[in-house]
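So the structure is just underneath, and the comments pick up after that.
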Amino acid sequence: MAHASVLDVNGKAYRYFSCDSLPGAEKMPYTLRILIENVLRNASSDEAAQRFAQRIVDAGLAGVQGGEIEYMPARVLLQDFTGVPVFVDLAAMREAAEELGGSASSINPQIPLDLVIDHSVIADCAGTPDAFEANTEMEFKRNAERYSFLKWAQRSFENVRIVPPETGICHQINVERFAQGVMTTADDEPIAYFDTVVGTDSHTTTANGIGVLSWGVGGIEAEAACLGQPVTTLVPRVVGIHLTGRLAAGVCAMDVALRFAEILRAKGVVGSFVECFGDGVSSLSATARACIANMTPEYGSTCTFFPFDEKTLAYLRVTGRSEDQVHLVEAYAKAQGLWADDAERVYGEVIDIDLSQIPRAVAGPSRPHDRIDFTQARVAFEDVCRDRGLDRSVRAHVDIEGCGYDLAHGAIAIAAVTSCTTATDPAMMVACGLLARNAVTRGLAAKPWIKRIFAPGSHATSLLLERAGLSSSLSALGFDLCGFGCMSCIGNSGPLSAEMHRISADIELSSVLSGNRNFEGRISPDVSQNYLCSPAAVIAYALAGTMDFDFETQPLGATSGGDRVFLRDIWPSDAEIESILGMYVNEALFEEGGQDLMEGPDAWKALGVSGGSTYAWDERSTYVRRVPYFDGMTREIKAVPGVSRARALAVLGDFITTDHISPAGSIASDSPAAAYLSARGVSEDMFNTYGSRRGNHEVMARGGFGNVKLLNMLADGRRGGWTTDFTDGAVKPIFDAACDYRENGVDLVILAGKMYGSGSSRDWAAKAPLLLGVKAVFAESFERIHRSNLIGMGIIPLQFEEGEGVEALGLDGSEEFDIEPIDFGAGEPVLPNPRIVGVTARRTDGTELRFNAIVRVDTPTEGAYIAHGGILNYVLRSLTAVS
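So the sequence shown is numbered by full-length UniProt numbering: it starts at 1 and just counts up by one.
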């Protein structure tokens with residue numbers, strides 16, 4: 001075993017692959033050391049191991065992006081929205097394997113795969129003591145088919161753990177329960193290695209806060225990884241964040257996370273690794289680091305990593321890891337150079353951040369990196385109104401609970417304490433509860449027109465608030481437990497009251513949430529402005545009732561004695577927060593909070609399961625259907641056909657997110673997906689969300705590019721899922737146009753601007769376009785995960801050359817497009833040829849425009865995926881021994 005060393009931990013010997021076995025490795029950043037260990041241990045040969053490791057060292061010493069390596073994560077993490085289609089694909093692959101002459105059992109996870117059901121619960125009911133029970137009942141009523149399928153998957157596949165609903169959010173469960181820091185093989189002479197994770201949610205990065213290298217990938221990449229295929233990637237450029245100072249009083253990890261998003265989005269770190277070092281790191285708790293790491297996708301880097309130190313070990317202890325495990329983590333981290341120290345490391349760039357200079361903040365109204373100092377939030381809101389041409393004197397009258405109110409632009413419709421960003425950190429949740437207690441004590445109340453949502457990240461969080469005596473105060477303000485899930489952060493806010501829905505057309509409503517995403521149209525279709533902030537700030541805004549509020553000069557109300565109460569009067573002190581944490585955050589809290597993790601509620605236990613090694617598909621199901629990706633698949637690889645006379649399905653601008661592309665949120669009653677469900681006898685109140693129906697490709701294809709805020713230049717000014725169908729010249733739903741194109745044998749392309757595919761790692765942002773007939777996407781630049789997802793589904797990403805794009809080239813989307821043939825080889829890992837391809841755009845007047853595009857298939861293995869028709873087809877042929 002080349003590069004092997006032996007580590008003795010309390011008398012037990014562990015073999016390990018030393019990062020320092022290569023000259024120059026001692027100067028590598030923490031994250032590159034993890035990659036070095038990974039390739040040394042997992043490469044197919046000693047020669048490949050040496051080659052990959054040297055590429056890492058060479059790139060690291062130069063501080064630049066390097067060549068291709070093959071990286072094999074230790075675990076895969078899923079949530080149910082993205083996890084259901086993963087298992088649907090695996091189930092379909094089992095059938096296809098048999099049809100190709102292989103064995104269904106060959107399709108089985110080769111590494112641990114964990115799925116936490118956290119994305120399906122909706123805040124249908126909020127602000128009442130029975131909200132949790134009511135939402136749970138509706139959740140199971142809506143999702144019984146999906147949940148039965150997941151129970152079958154848990155029983156039928158090896159190496160699979162599925163955490164039932166109403167347990168917590170996947171990222172918080174991951175750091176509290178699953179993450180080990182260091183893993184070992186089950187041999188008599190065990191090998192110790194880093195705990196590393198890829199997940200089908202962008203915020204898998206949360207675990208980087210406790211020293212677990214982790215990032216989000218598309219569902220198709222995750223499937224391949226769990227089936228034993230390495231993730232092919234280029235050695236990343238590493239950006240170092242030099243942290244100094246300590247947080248000022250009243251400032252929390254969410255404020256730091258928003259500052260990171262602002263700075264790093266402006267710097268441009270897409271595709272880079274980010275890691276933190278310096279004296280400031282030790283001032284942050286492990287859960288504060290997890291909050292900061294969670295926000296990583298909002299500035300586009302692959303990860304935001306924190307090294308191991310005493311606070312990491314303390315967190316592992318308090319959340320229930322054994323002393324033997326904690327000792328192993330400490331010894332291994334120090335042996336491999338992952339312990340926080342002052343050693344000199346080479347970075348591509350170093351950014352200095354003084355924690356003491358970070359103020360409280362909010363971010364909005366639609367992008368996480370648009371940070372605003374808390375004291376300037378009202379001024380920023382006024383700027384938004386001016387920029388949008390809103391008349392701030394306009395009023396909309398509502399009658400709520402027998403009283404009338406005249407609301408203006410910025411009235412808050414939703415206030416949500418939710419998501420893995422902040423719930424993972426006990427300090428922020430305690431601050432939230434203390435502020436609620438202080439408000440109730442002084443006679444303050446939340447504004448009645450606001451829907452108030454409280455969704456903790458785990459049972460340990462809710463137990464903490466109960467034991468500290470803070471749950472009752474939250475409930476008194478209407479923040480009753482709604483469920484254990486993501487809720488508002490992913491758009492599962494549920495409906496507004498009829499009155500608030502009615503006025504949403506008259507004024508721009510706002511939301512505040514302690515989440516990580518606030519893209520337009522995401523939180524609620526009725527809400528136009530969305531602001532991110534800490535949980536305590538969410539409570540504060542619920543008391544204020546509007547974004548048009550200055551907490552410095554305006555009182556929140558008055559005591560019974562008539563004394564005015566300002567936010568500064570009720571904001572909790574850091575000392576009181578720390579006192580409560582010291583009293584109640586202990587091993588007993590997490591032990592009780594994690595009891596019966598895999599058991600689930602009675603409704604889960606009562607679900608039936610059908611099928612053996614292959615699933616018994618129900619043709620009547622509107623939730624789970626067999627996908628068509630492998631239909632007609634042959635043993636032999638067919639040449640990738642050229643694209644000729646293709647039409648543009650959509651012409652889009654900059655910063656098109658996966659929320660714009662992938663079906664998400666509620667299913668509108670006038671949408672193609674609604675028509676499909678209605679035709680199958682599903683009543684409107686049971687449409688559920690697109691996320692819950694990701695296991696049904698028929699629904700998802702109909703929702704592609706259906707976001708109500710999407711602006712397609714081919715839609716004649718209409719927002720949403722509309723386009724011009726050039727077979728008849730009519731503006732119609734995108735799905736209907738795609739069907740017409742398919743019937744006429746017309747291939748499709750997408751034209752877009754910069755940062756196409758930003759946001760969550762949604763595999764349906766690639767699957768839906770494939771099912772609509774899209775063969776290639778032209779963009780000025782791509783977000784990392786989405787580009788990989790397009791390749792994974794066999795769609796070719798083509799990047800306009802520097803300085804060119806739709807506008808610069810004079811394209812309007814009415815053209816027919818020819819793309820020169822691209823040779824991706826015969827399925828072996830080769831780079832595409834040519835790398836720069838010629839494109840002809842034929843205008844309606846017969847004139848032609850020729851331009852070049854860069855084939856953004858960046859590695860030989862990615863080329864092989866395209867040649868096979870996608871990564872799943874590549875894996876399927878590999879596992880059934882088809883060359």
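C-beta atoms are modelled at their ideal positions from N, C-alpha and C, and glycine is treated no differently.
Classification of residue i by the beta-carbon crowding that lies within 10 angstroms, buried from 16 upward
i	result
Lys767	buried
Ala808	exposed
Val6	exposed
Ser883	For Ser883, the predicted structure reports a pLDDT of 33, less than 50, and the residue's modelled location is therefore unreliable. A value from the coordinates is still provided. Flag for Ser883 reads exposed.
Asp354	exposed
Val417	buried
Met598	exposed
Lys334	exposed
Cys533	buried
Leu481	buried
Ala19	Per the sequence shown, residue 19 should be read as Cys rather than Ala. Looking at its Cβ environment, which holds 16 or more other Cβ atoms inside 10 Å, Cys19 is buried.
residue 887	Not covered by the structure: residue 887. The range shown for the chain is 1 to 883.
Of the listed residues the options, nearest to residue i (C-alpha basis)
i	options	result
Asn530	His327, Ile372 and Gln799	Ile372
Gly703	Leu714, Gly691, Glu619 and Gly794	Gly691
Pro109	Lys709, Ala224 and Asn852	Ala224
Thr312	Val538, Glu330 and Ile173	Glu330
Gly278	Val350, Pro236, Val269 and Gln336	Val350
Glu344	Gly695, Ile796, Gly721 and Gly24	Gly24
Glu520	Thr658, Phe800, Trp604 and Ala59	Thr658
Asp276	Val217, Val231 and Leu213	Note that residue 276 corresponds to Cys in the displayed sequence, not to Asp. Considering only alpha carbons, the answer is Leu213.
Asp797	Gly813, Pro769, Lys709 and Leu496	Residue identity check: residue 797 is Pro in the sequence provided, not Asp. Nearest of Gly813, Pro769, Lys709 and Leu496 to Pro797, Cα basis: Pro769.
Ala413	Met500, Leu464, Gly337 and Ala361	Met500
Val235	Val163, Glu70 and Arg517	Glu70
Leu90	Pro733, Ala179 and Arg626	Arg626
Asn492	Ala867, Leu390, Val346 and Phe454	Phe454
Gly632	Ala96, Gly67 and Glu37	Ala96
Arg155	Ser610, Phe549 and Asp818	Ser610
Asp763	Ala752, Glu158 and Gly794	Gly794
Arg568	Arg442, Glu816 and Tyr347	Arg442
Val816	Arg877, Pro834 and Ile750	Before going on, a small fix: residue 816 reads as Glu here, not Val. Answer by Cα proximity: Ile750.
Val857	Thr847, Leu849 and Ile871	Ile871
Leu879	Ile56, Leu100 and Ser21	Leu100
Cys385	Glu508, Thr840, Leu513 and Arg635	Glu508
Arg317	Gln180, Arg378, Arg259 and Thr375	Gln180
Run of the alpha helix (DSSP H) containing residue i, from where it starts to where it stops
i	result
Asp387	Ala377 to Asp387
Cys420	Cys420 to Ala423
residue 932	Within the shown structure, residues of the chain are numbered from 1 to 883, placing residue 932 beyond reach of any answer.
Asn143	Ala131 to Ser156
Thr657	Note, Thr657: premise wrong, no alpha helix (DSSP H); not H, not E.
Limits of the beta strand (DSSP E) - the one that residue i falls within
i	result
residue 962	Given a span of 1 to 883 for the chain in the structure shown, any question on residue 962 remains unanswerable.
Cys276	Phe273 to Phe277
Phe17	Lys12 to Phe17
Tyr531	Gln529 to Leu532
Lys732	Ala730 to Pro733
Ile400	Ala396 to Ile400
Whole-Å CB distance - residue i paired with residue j, under 8 Å assumed
i	j	result
Ala363	Ala261	7 Å
Ile400	Cys226	Actually they do not touch by this definition, with Cβ atoms about 49 Å apart.
Pro297	Thr205	7 Å
Val274	Leu264	7 Å
Ile34	Phe194	5 Å
Tyr676	Val708	18 Å between Cβ atoms; not a contact.
Proximity test, Cβ basis, 8 Å: residue i and chain C
i	result
Gly706	Checking the listed chains, one finds no chain C in this structure; it contains a single protein chain.
For this session: Count the CB pairs spanning the region 500-511 and the region 523-541 that are closer than 8 Å, and state whether there are at least three.
Result: Contact between the region 500-511 and the region 523-541 is present, with at least three C-beta pairs closer than 8 Å.
Exercise. Is it true that the region 461-469 meets the region 150-160, where meeting means three or more beta-carbon pairs spaced less than 8 Å apart?
Worked result: Flag = no, the region 461-469 and the region 150-160 do not touch.
For this session: Count the C-beta pairs between the region 80-100 and the region 33-50 that are closer than 8 Å, then say yes if the count reaches three, no if not.
Result: Output reads no: the region 33-50 does not touch the region 80-100.
Problem set entry | Contact the region 131-144 vs the region 59-76: 3+ CB pairs below 8 Å | By the Cβ criterion, the region 131-144 is not in contact with the region 59-76, since fewer than three pairs of Cβ atoms, one from each stretch, lie closer than 8 Å.
For this session: Would you check if the region 390-410 and the region 575-587 touch, i.e. whether three or more CB-CB distances between them fall below 8 Å?
Result: Judged by Cβ distances under 8 Å, the region 575-587 makes no contact with the region 390-410, as fewer than three pairs qualify.
Problem set entry | Cβ pair count under 8 Å reaching 3, the region 855-871 against the region 819-832 | Touching, yes, given that three or more Cβ pairs across the two stretches are closer than 8 Å.
Problem set entry | Stretch pair the region 772-792 + the region 828-837: three plus CB contacts closer than 8 Å | Touching, no, given that fewer than three Cβ pairs across the two stretches are closer than 8 Å.
Exercise. Do the region 179-189 and the region 713-730 make contact, defined as three or more Cβ pairs closer than 8 Å?
Worked result: The count of Cβ pairs closer than 8 Å, one atom from the region 179-189 and one from the region 713-730, stays below three, leaving the stretches out of contact.
Exercise. Three or more C-beta pairs closer than 8 Å, one from the region 554-565 and one from the region 455-464: is that the case here?
Worked result: No, the region 554-565 does not touch the region 455-464.
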